[in-house]
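**Q**
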Amino acid sequence: ETLPLTSQKDVSDCNEGEDCKENGLLVRNPKSALRLMEDGNRVHPSQGDKGEAAQISNGYSGVQSSVPCNGMGEAEDAQCPAPAATTTTTTTTSTTCGAEGQQQLMELQERETWSKKIDFLLSVIGYAVDLGNVWRFPYICYQNGGGAFLIPYTIMAIFGGIPLFYMELALGQYHRNGCISIWRKICPIFKGIGFAICIIDLYVASYYNTIMAWAFYYLISSFTSELPWTSCTNAWNTGNCTNYFSKDNVSWASHSISPAEEFYTRQVLQVHRSNGLDDLGGISWQLTLCLLFIFTIVYFSIWKGVKTSGKVVWVTATFPYVILFILLVRGATLPGAWRGVLYYLKPDWQKLLATEVWVDAAAQIFFSLGPGFGVLLAYASYNKFHNNCYQDALVTSTVNCLTSFVSGFVIFTVLGYMAEMRNEDVSEVAKDTGPSLLFITYAEAIANMPASTFFAITFFLMLLTLGLDSTFAGLEGVITGVLDEFPHVWSKRRELFVLGLTILCFLGSLATLTFGGAYVVKLFEEYATGPAVLSVVFLEAVAVAWFYGISQFCSEVKEMLGFAPGWYWRVCWVAISPIFLLFVTCSFLSSPPELRLFDYNYPYWTTVVGYCIGTSSVICIPIYMVYRLIITPGTLKERVLKSITPETATEIPFGDIRMNAV
1 ETLPLTSQKD
11 VSDCNEGEDC
21 KENGLLVRNP
31 KSALRLMEDG
41 NRVHPSQGDK
51 GEAAQISNGY
61 SGVQSSVPCN
71 GMGEAEDAQC
81 PAPAATTTTT
91 TTTSTTCGAE
101 GQQQLMELQE
111 RETWSKKIDF
121 LLSVIGYAVD
131 LGNVWRFPYI
141 CYQNGGGAFL
151 IPYTIMAIFG
161 GIPLFYMELA
171 LGQYHRNGCI
181 SIWRKICPIF
191 KGIGFAICII
201 DLYVASYYNT
211 IMAWAFYYLI
221 SSFTSELPWT
231 SCTNAWNTGN
241 CTNYFSKDNV
251 SWASHSISPA
261 EEFYTRQVLQ
271 VHRSNGLDDL
281 GGISWQLTLC
291 LLFIFTIVYF
301 SIWKGVKTSG
311 KVVWVTATFP
321 YVILFILLVR
331 GATLPGAWRG
341 VLYYLKPDWQ
351 KLLATEVWVD
361 AAAQIFFSLG
371 PGFGVLLAYA
381 SYNKFHNNCY
391 QDALVTSTVN
401 CLTSFVSGFV
411 IFTVLGYMAE
421 MRNEDVSEVA
431 KDTGPSLLFI
441 TYAEAIANMP
451 ASTFFAITFF
461 LMLLTLGLDS
471 TFAGLEGVIT
481 GVLDEFPHVW
491 SKRRELFVLG
501 LTILCFLGSL
511 ATLTFGGAYV
521 VKLFEEYATG
531 PAVLSVVFLE
541 AVAVAWFYGI
551 SQFCSEVKEM
561 LGFAPGWYWR
571 VCWVAISPIF
581 LLFVTCSFLS
591 SPPELRLFDY
601 NYPYWTTVVG
611 YCIGTSSVIC
621 IPIYMVYRLI
631 ITPGTLKERV
641 LKSITPETAT
651 EIPFGDIRMN
661 AV
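Its first residue numbered 1, the sequence shown is counted upward by one per residue in UniProt numbering.
1) Please classify ASP77 as buried or exposed, where buried requires at least 16 other C-beta atoms within 10 Å of its C-beta.
2) Can you check whether the CB of GLY305 is closer than 8 Å to the CB of ARG494?
3) Using only CA atoms, which one of LYS384, ALA317 and LYS346 lies nearest to THR403?
4) Taking the beta carbon of LEU342 as the centre, do at least 16 other beta carbons fall within 10 Å, making it buried, or is it exposed?
5) Is PRO646 near the ligand SAH, judged by its Cβ being under 7 Å from some heavy atom?
6) Based on Cα-Cα distance, which residue from GLU476, SER436 and THR458 lies nearest to PHE120?
7) Using DSSP's beta-bridge definition, name the partner residues of ILE283.
8) What does the alpha-carbon distance come out to for the pair GLU647 and ARG184?
9) VAL268 lies in the alpha helix (DSSP H); which residues open and close that run?
10) Where does CYS572 sit, in a helix, a strand or coil, going by DSSP?
11) Where does SER551 land, buried or exposed, given buried means 16+ other C-beta within 10 angstroms?
12) Check each candidate in ALA196, GLY145 and ARG136 and name the one with the smallest Cα separation from VAL478.
13) If you follow the alpha helix (DSSP H) that HIS175 is part of, which residue opens it and which one closes it?
14) May I ask which residues mark the beginning and end of the alpha helix (DSSP H) holding ALA363?
15) Please report the residue range of the alpha helix (DSSP H) in which HIS488 lies.
16) How far does the alpha helix (DSSP H) with ILE613 in it extend, from its first residue to its last?
17) Sorted by chain position, which residues of the same chain lie with C-beta nearer than 7 Å to GLN286's C-beta, five sequence neighbours on each side aside?
18) Tell whether a beta-carbon distance below 8 Å holds between CYS198 and GLY481.
19) According to DSSP, CYS241 sits in a beta bridge with which residue or residues?
20) Considering only the alpha carbon of each residue, which of LEU539, HIS272 and GLN173 lies closest to HIS386?
21) Between GLN391, VAL537 and CYS401, which lies nearest to GLY126 when the distance is taken from Cα to Cα?
22) With H, G and I counted as helix, E and B as strand and the rest as coil, what does DSSP make of GLY336?
23) Using 8 Å as the cut-off, can you tell me whether the segment 502 to 520 makes contact with the segment 276 to 283, which would need three or more C-beta pairs spanning the two stretches below that distance?
24) Which residues in the same chain have their Cβ closer than 6 Å to the Cβ of ALA82, if we skip the five residues on either side of it in sequence?
25) May I ask which residues mark the beginning and end of the alpha helix (DSSP H) holding TRP314?
26) So ARG176 and ARG111 are supposed to be a Cβ contact under 8 Å. How far apart are they, rounded?
27) Are ILE180 and VAL536 close, meaning C-beta to C-beta below 8 Å?
28) Start and end of the alpha helix (DSSP H) containing THR413?
29) Report the three-state DSSP secondary structure of GLY481 (helix, strand or coil).
30) In the DSSP assignment, the alpha helix (DSSP H) including THR154 goes from what residue to what residue?
31) Among PHE405, VAL584 and ASN388, which has the Cα closest to the Cα of LEU171?
32) Return the bridge partner residues of THR596 from the DSSP annotation.
33) Sort out for me which residues DSSP pairs GLY276 with in a bridge.
34) Rounded to whole angstroms, how far is the Cβ of ALA205 from the Cβ of CYS505, which I believe are closer than 8 Å?
35) Just how far apart, CA to CA, sit LEU376 and PHE538?
36) Is the segment 144 to 153 touching the segment 409 to 422, taking contact as three or more C-beta pairs under 8 Å?
As structure tokens, this is what we get:
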């Protein structure tokens, strides 16, 4: 027996207490089957149908908990009699008692959505396209075979990165929950994944924004007629400072240090005042003020939700592309630019036989697209139910990969120019990695171009905008996760919660603002996020594909989009993507990176500290599993079965009626 959800006029033709036939479907007691409450948020069945379940026309069952209540923890004897002995057909919503009942009632309220579809697309693109696209991809590309690296990169994107990206968008859009509470609707025993994601996001916020503070310091320093990193006559310069761009004939020796490097290390970071991680030194007040300004922008961009952040990304997500185009045109006209492009793309086919090349390709596409940080779940949860997230996944991931590729030309045209000026090979110029590639090599090249002040200001503005929308996204992942998990506490106090979160992130960043803060940033970047987020997404993929069920997941995608994912997506989700993640994780753990920054070699104990930081987030997953099994009543088998069975239904919007699907 099924109940088609048609207009009220359609069902009003049937007399109460009688069966009638409508469109070939048998409807029993249709007039009393649905009774809308005045607030529009609760749907109660008729008294004769309490406690019953029904199959409805969209293929989902409406269910009611075994203990009816008024949603506030108080049983209503008059309105909630015992279930009838006979089985009838009805559509109901899940109601529970106490705090969970309050939570579900609040979930039934209309969820905030994006003002426009383009707001969502720009937010996702802004999140995926970050500083790593500018410095990490070009370096990894030329280090691993140049043009030949594009082959493993494309393969890993097709079979690993994009399927995981699509999966998270679909999960968030269907279940409309953040990274914590969504597991009640998928597989409750894996709820610890949500807490692990929030901790990882906080770790990222504690060091990622410090890099933007460095960029902001450079931006302020650029408002001069002569950029401060162009000469060796400043107070912070040493005797080894060599300005080979000067008009004098200056030879570059092995001990020579460029003025741009000394400005970065001795004026901005002041690493010479620290002896390493065991002696970080004092806090730089200049960088502290810069970081405070960054967090102020972040707070007022996200405090009201996606309605405000969706407007800010119109600037932060599009401005970098304007600047990239300007810098690309300028770089292509520099002498020696062709040398950098040749070095960037010249294929070394022998590299494809090395395992580390494939590991680097997998890691690059994974961290570039960014599944596992809760951001895609959060952003997609504010979409309309029938939004085409399949198309969104393909568009945004393609834009992200193309941006990385084009950024390589922007960087290497300038490196070719630097090699031409130094009369060295490009490989000698391109030894700087990570932020040093931007703040030393590229900054130095800009300083010696015509109209250097203009290009410096635009370049560091681009770095700021690239980083800001990624920070918006990371914090929104935490905010949505916590607000959806504790709506009765924070749903009406979002501004206060966001303020507390930004203050917490600012205080957590103080270690990175010390004179040895660059060493802390490097440690967190390598250990706090890498293996931890890989492990989180691996368990997430296994939980969805193997515990929740790939058939169930695909049927939900069909409910939203009107078509089910094909065999390619199913095979990727069930087997290829988990293997892809396991491969990268095991490769990282089997050969941890030997960290070195400037002239400082990280001691062995820092590796132990790094693994402890990474484990501190992942440990939430087994801890919650044990906690879940302990609090669940029944035998061990019953506890396990209850813990892997969805406990909360998902709302399915159907016209003016919101139903729960299980």
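Just so you know, even glycine gets a beta-carbon here, dropped at the ideal spot from N, CA and C.
**A** Checking against the coordinates, here is how it stands:
1) With a pLDDT of 41 at ASP77, under the threshold of 50, the modelled position of that residue is not reliable, and the figure given next carries that caveat. By the neighbour-count rule (16 or more Cβ atoms within 10 Å), ASP77 is not buried but exposed.
2) Contact: yes.
3) A check of alpha carbon separations from THR403 across LYS384, ALA317 and LYS346 identifies ALA317 as the nearest.
4) Looking at its Cβ environment, which holds fewer than 16 other Cβ atoms inside 10 Å, LEU342 is exposed.
5) Ligands in the displayed structure: none, and consequently the ligand SAH is not present.
6) Residue GLU476 is the option with its Cα nearest to PHE120.
7) DSSP lists THR514 as the bridge partner or partners of ILE283.
8) Taking the CA atoms as reference points, GLU647 sits about 6 Å from ARG184.
9) Element bounds for VAL268: n/a, residue is neither H nor E.
10) Correct three-state label for CYS572: helix.
11) Answer is exposed; the Cβ neighbour count stays below 16.
12) Cα-wise, what sits closest to VAL478 is ALA196.
13) Start and end: 162 to 175.
14) Per DSSP, ALA363 is one residue of the alpha helix (DSSP H) stretching across 355 to 369.
15) Where HIS488 is concerned, the enclosing alpha helix (DSSP H) stretches over 487 to 490.
16) Per DSSP, ILE613 is one residue of the alpha helix (DSSP H) stretching across 604 to 618.
17) Here the set comprises TYR217.
18) Yes, these two residues count as a Cβ contact at 8 Å.
19) The partner list for CYS241 (beta bridge, DSSP) reads ILE257.
20) Per the Cα distances, GLN173.
21) Checked all of GLN391, VAL537 and CYS401; the closest Cα to GLY126 is CYS401.
22) In this structure, DSSP gives GLY336 a state outside helix and strand, which the three-state scheme calls coil.
23) Three or more Cβ pairs drawn from the segment 502 to 520 and the segment 276 to 283 lie within less than 8 Å of each other, which places the two stretches in contact.
24) Legend: pLDDT at ALA82 = 41, less than 50; position of this residue unreliable, no value from coordinates given.
25) Run containing TRP314: 306 to 316, per the alpha helix (DSSP H) assignment.
26) Contact annotation, ARG176 with ARG111: C-beta distance approximately 6 Å; criterion of less than 8 Å satisfied.
27) It is not a contact, given that the beta carbons lie outside the stated cut-off.
28) Bounds of the alpha helix (DSSP H) holding THR413 are 389 to 422.
29) DSSP places GLY481 in helix when its eight states are reduced to three.
30) Taken as a continuous stretch (DSSP letters only), the alpha helix (DSSP H) holding THR154 covers 150 to 156.
31) Scanning PHE405, VAL584 and ASN388 for the CA closest to the CA of LEU171 turns up ASN388.
32) Thr is not the amino acid found at residue 596; the sequence shown has Arg there. Per DSSP, the beta-bridge partners of ARG596 are ASN601.
33) DSSP lists ASP279 as partners of GLY276.
34) Contact annotation, ALA205 with CYS505: C-beta distance approximately 4 Å; criterion of less than 8 Å satisfied.
35) In this structure, the CA atom of LEU376 is about 16 Å from the CA atom of PHE538.
36) The segment 144 to 153 and the segment 409 to 422 do not touch, with fewer than 3 CB-CB distances between them shorter than 8 Å.
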